[in-house]
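Visitor: Residue numbers (the working numbering), protein chains in the order written: chain R, 452 to 676; chain V, 452 to 676.
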DNA sequence: TTCATAGTTCGACCTTAGCCGAAGCATTGG
DNA sequence: CCAATGCTTCGGCTAAGGTCGAACTATGAA
């Protein structure tokens, strides 16, 4: 009768409104301070402090101390993946709760998901790369083809630098709004970073939405049709 | 502050040990009764009933009522995906325990279920009829096709007599050892009765097991391959 | 030094919800 | 009809944990 993996412990950790809000806020990939997270969660700092300690205990977030600030971020990409999966379930059944405002539409079109591009644009980019044979996919596994490496370098990404990193280069991530896979992993992050450098896209200050510039929008559709 | 889907509600649903155990048990893909799930979760039936109602409310499981049993299964493949993601996070990724139905081999092969044929043979017959287009199935609904009517009459069943009865002609019944559907309803009962008349099969005196004669076994596999 | 800001810990409330006993339906079998 | 079985509902008990005020530590700035 004893369990396998202790799924309840993790789910209970996520299943508390204040903590869920914090984790959702961290999905942007940005590191946030305890005070900021307290604001996101709508609780006082003491309460937030307790929650964050628990999240850290459960290995859902990691901390970096810097001066008198503590910056919190999601511990691992797996955490982001799991949260996306949960959002998929919640979105499938609960349109009743979320009113679709203008920001919501922007979120569906393009948003940041643990520092990589998600939403319609993310799915489009992934599909384009796949169709042109620049990446390959076999079940869960995912990778760059030779042609793909050339493409990515031409795009301006330092592929050699990425290869040194410990994290997997390519990962697939299931989109909660589109219900299709998009590109995650260190390559996914690098691609988004490059697009920001090129000023194709800018981050919204208050949400995870990504706003494409008119120039960037045009260039994007030319690059990933 | 409130953006995105209500992830906390779902996660809290999963994040309760008893419910998590139930969901884990359902990961096998098989449908389980409330009593079985209560055992899996280590709680009494009353408690389990409450939990299952909540899971059903949250669209994590779907239920199928059959006689005095209620069979529960995961609602969608998405639910299983999310649970797997959570298990991945829980790191201690362990074995799923599977509790199998009846231990008696004969019972598993063929037995009586409300006067119709159940067990491996029942599932086989159902599959054969379906594949050959003799019956049709749409969700819960089930019926005989024109070709099926001919087949049944040839088999020696008085279809006209059955149609007079109040009870539905065809019903699907979820097998408690195979956990797949087989043929129930007045037709299911008539089919079994006919097989007994033909001396294909005899009832065991002390149990619900059905013993196929050697001749009957041969004829059965010829008729329902 | 003194003050201000960031975060933690403690203690005390108090709501939530998980749990079971007992009784109530519903279905099946005799 | 009655008995047995599967499940649900109700009521009360209890424990867990979320919440905040207040006091405390730590870092940085004037």
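Ideal placement from N, C-alpha and C gives every residue a C-beta, glycine not left out.
Quick one: list the residues of chain R neighbouring residue 487 of chain V, beta-carbon separation under 7 Å, in chain order.
Guide: Indexing the second chain from 1 puts residue 487 of chain V at position 36. Within 7 Å Cβ-Cβ: nothing; residue 487 of chain V doesn't reach chain R, min ~12 Å.
Visitor: Would you give the residue range spanned by the alpha helix (DSSP H) that residue 502 of chain V belongs to?
Guide: The residue you call residue 502 of chain V lines up with position 51 of the second chain. Where residue 502 of chain V is concerned, the enclosing alpha helix (DSSP H) starts and stops at 496-508.
Visitor: Give the residues from the region 504-537 of chain R that approach chain V closer than 7 Å (Cβ to any Cβ), ordered along the chain.
Guide: Residues passing the 7 Å Cβ filter: 529, 530, 532, 533, 534, 536, 537.
Visitor: Could you tell me whether any Cβ in chain R is nearer than 9 Å to the Cβ of residue 464 of chain V?
Guide: In the second chain, residue 464 of chain V corresponds to position 13, counting from 1. The Cβ of residue 464 of chain V sits closer than 9 Å to at least one Cβ of chain R.
Visitor: At the 9 Å Cβ level, is residue 484 of chain V part of the contact set with chain R, yes or no?
Guide: Against the second chain, residue 484 of chain V aligns to sequence position 33. With 9 Å as the cut-off, residue 484 of chain V does not count as an interface residue toward chain R.
Visitor: According to DSSP, is residue 462 of chain R part of a helix, a strand, or is it coil?
Guide: Taking the first residue of the first chain as position 1, residue 462 of chain R is located at position 11. Correct three-state label for residue 462 of chain R: helix.
Visitor: When you compare only the Cα positions, how much space is there between residue 507 of chain R and residue 622 of chain V?
Guide: The residue given as residue 507 of chain R occupies position 56 in the first chain. The residue given as residue 622 of chain V occupies position 171 in the second chain. Spanning the two alpha carbons is a distance of roughly 53 Å.
Visitor: Taking a Cβ distance cut-off of 7 Å, strictly less, list which residues of the region 570-595 of chain R are near chain V, in chain order.
Guide: none
Visitor: Confirm, please, whether the CB-CB distance from residue 580 of chain V to residue 599 of chain V is below 9 Å.
Guide: Here residue 599 of chain V refers to the residue found at position 148 when the second chain is read from its first residue. Here residue 580 of chain V refers to the residue found at position 129 when the second chain is read from its first residue. Yes, the pair counts as a contact, with Cβ atoms nearer than the cut-off.
Visitor: Check the DSSP bridge columns for residue 658 of chain R and list the partner residues they point to.
Guide: Counting from one through the first chain, the residue named residue 658 of chain R turns up at place 207. DSSP lists no partner for residue 658 of chain R.
Visitor: Determine, for residue 661 of chain R, whether the minimum Cβ-Cβ distance to residues of chain V falls below 9 Å.
Guide: Counting from 1 along the first chain, the entry for residue 661 of chain R is found at position 210. Taking Cβ atoms only, chain V never reaches closer than 9 Å to residue 661 of chain R, which makes this a no.
Visitor: For the region 630-649 of chain R against the region 603-613 of chain R, are there 3 or more C-beta pairs whose distance is under 8 Å?
Guide: yes
Visitor: Just to make sure I have the definition right: I need the residues of chain V whose C-beta is within less than 7 Å of the C-beta of residue 471 of chain R. Which are they?
Guide: In the first chain, counting from the first residue as 1, residue 471 of chain R sits at position 20. Simply 458, 459, 462.
Visitor: Assuming residue 596 of chain R is part of the alpha helix (DSSP H), what are its boundary residues?
Guide: Against the first chain, residue 596 of chain R aligns to sequence position 145. Run containing residue 596 of chain R: none; DSSP gives neither H nor E here.
Visitor: Kindly confirm or deny that the region 470-478 of chain R and the region 487-503 of chain R touch, where touching means at least three C-beta pairs closer than 8 Å.
Guide: Look at the beta carbons and you see the region 470-478 of chain R touching the region 487-503 of chain R: at least three pairs across the two are nearer than 8 Å.
Visitor: For the candidate residues R/518, R/561, R/523, R/515, whose alpha-carbon lies nearest to that of residue 502 of chain R?
Guide: Residue numbering aside, residue 502 of chain R sits at position 51 when the first chain is read from its first letter. The shortest Cα separation from residue 502 of chain R among R/518, R/561, R/523, R/515 belongs to R/523.
Visitor: What do you get for residue 526 of chain V, buried or exposed, if any count of 16 or more other CB atoms within 10 angstroms of its CB means buried?
Guide: One-based indexing of the second chain puts residue 526 of chain V at position 75. Counting Cβ neighbours within 10 Å, residue 526 of chain V comes out buried, since at least 16 surround it.
Visitor: Does chain V have any CB closer than 9 Å to the CB of residue 610 of chain R?
Guide: Indexing the first chain from 1 puts residue 610 of chain R at position 159. Cβ-Cβ to chain V under 9 Å: no for residue 610 of chain R.
Visitor: Nearest-angstrom Cα distance between residue 676 of chain V and residue 457 of chain V?
Guide: Mapped onto the second chain, residue 676 of chain V falls at position 225. Mapped onto the second chain, residue 457 of chain V falls at position 6. So the alpha carbons of these two residues sit roughly 49 Å apart.
Visitor: Residue 567 of chain R and residue 635 of chain R look like a contact to me (Cβ under 8 Å); what is the Cβ gap, rounded to whole Å?
Guide: By 1-based counting over the first chain, the position of residue 567 of chain R is 116. By 1-based counting over the first chain, the position of residue 635 of chain R is 184. Correct: roughly 5 Å between the Cβ atoms.
Visitor: Go ahead and pull the three-state DSSP assignment for residue 608 of chain V.
Guide: Here the question's residue 608 of chain V lines up with position 157 in the second chain. Three-state DSSP puts residue 608 of chain V in coil, outside helix and strand.
Visitor: List, in chain order, every chain V residue whose beta-carbon is nearer than 7 Å to that of residue 619 of chain R.
Guide: What you label residue 619 of chain R is simply residue 168 of the first chain in a count that begins at 1. Here the premise fails: no neighbours, minimum Cβ distance about 14 Å.
Visitor: So for residue 623 of chain R, helix, strand or coil by DSSP?
Guide: Start at 1 with the first residue of the first chain, and residue 623 of chain R comes out as number 172. Three-state result, residue 623 of chain R: strand.
Visitor: Which residues bound the alpha helix (DSSP H) around residue 671 of chain R?
Guide: Here residue 671 of chain R refers to the residue found at position 220 when the first chain is read from its first residue. It spans 665-674 - the alpha helix (DSSP H) in which residue 671 of chain R sits, taken as one unbroken run.
Visitor: For residue 478 of chain V and residue 572 of chain V, I'd like the C-alpha separation in whole angstroms.
Guide: As a working mapping, residue 478 of chain V is identified with position 27 in the second chain. As a working mapping, residue 572 of chain V is identified with position 121 in the second chain. Cα to Cα, residue 478 of chain V sits roughly 25 Å from residue 572 of chain V.
Visitor: Name the DSSP bridge partner or partners of residue 515 of chain V?
Guide: As a first step, residue 515 of chain V must be located in the second chain, where it is residue number 64. Residue 515 of chain V is bridged to V/522.
Visitor: Could you give the DSSP three-state label for residue 649 of chain V: helix, strand or coil?
Guide: Position 198 of the second chain, counted from the first residue, corresponds to residue 649 of chain V. Note: residue 649 of chain V maps to coil in three-state DSSP.
Visitor: Kindly give me the distance between the Cβ atoms of residue 540 of chain V and residue 530 of chain R, rounded to whole angstroms, as I take these residues to be in contact under 8 Å.
Guide: Position 89 of the second chain, counted from the first residue, corresponds to residue 540 of chain V. Position 79 of the first chain, counted from the first residue, corresponds to residue 530 of chain R. Contact holds; Cβ gap of about 7 Å.
Visitor: Give the single residue among R/637, R/469, R/467 whose Cα lies nearest to the Cα of residue 595 of chain R.
Guide: Translated into the one-based positions of the first chain, residue 595 of chain R becomes position 144. Ranking the options by Cα distance to residue 595 of chain R, first place goes to R/637.
Visitor: When you compare each of R/577, R/653, R/669 to residue 662 of chain R by their alpha carbons, which one comes out closest?
Guide: For the purposes of this step, residue 662 of chain R is identified with residue 211 of the first chain, where counting begins at 1. With distances taken between Cα atoms, residue 662 of chain R lies closest to R/653.
Visitor: In whole angstroms, what separates the C-alpha of residue 669 of chain R from that of residue 651 of chain R?
Guide: By one-based count along the first chain, residue 669 of chain R stands at place 218. By one-based count along the first chain, residue 651 of chain R stands at place 200. Note on geometry: alpha-carbon atoms of residue 669 of chain R and residue 651 of chain R lie some 9 Å from one another.
Visitor: Cβ atoms of residue 562 of chain R and residue 659 of chain R: under 9 Å apart, would you say?
Guide: Translated into the one-based positions of the first chain, residue 659 of chain R becomes position 208. Translated into the one-based positions of the first chain, residue 562 of chain R becomes position 111. Yes, these two residues count as a Cβ contact at 9 Å.
Visitor: Any beta carbon from chain V within less than 9 Å of residue 454 of chain R's own beta carbon?
Guide: Stepping through the first chain from its first residue, residue 454 of chain R is reached at position 3. Note on residue 454 of chain R: pLDDT 42, under 50, position unreliable in the model; the coordinate value appears next. So yes, residue 454 of chain R belongs to the interface.
Visitor: Pull up the distance between the alpha-carbon of residue 612 of chain V and that of residue 588 of chain V, whole angstroms please.
Guide: Residue numbering aside, residue 612 of chain V sits at position 161 when the second chain is read from its first letter. Residue numbering aside, residue 588 of chain V sits at position 137 when the second chain is read from its first letter. Straight-line Cα distance between these residues: approximately 23 Å.
Visitor: If you follow the alpha helix (DSSP H) that residue 470 of chain V is part of, which residue opens it and which one closes it?
Guide: Against the second chain, residue 470 of chain V aligns to sequence position 19. Element bounds for residue 470 of chain V: 468-477.
Visitor: On the DSSP bridge assignment, give the partners of residue 635 of chain R in chain order.
Guide: In the first chain, residue 635 of chain R corresponds to position 184, counting from 1. Per DSSP, R/622.
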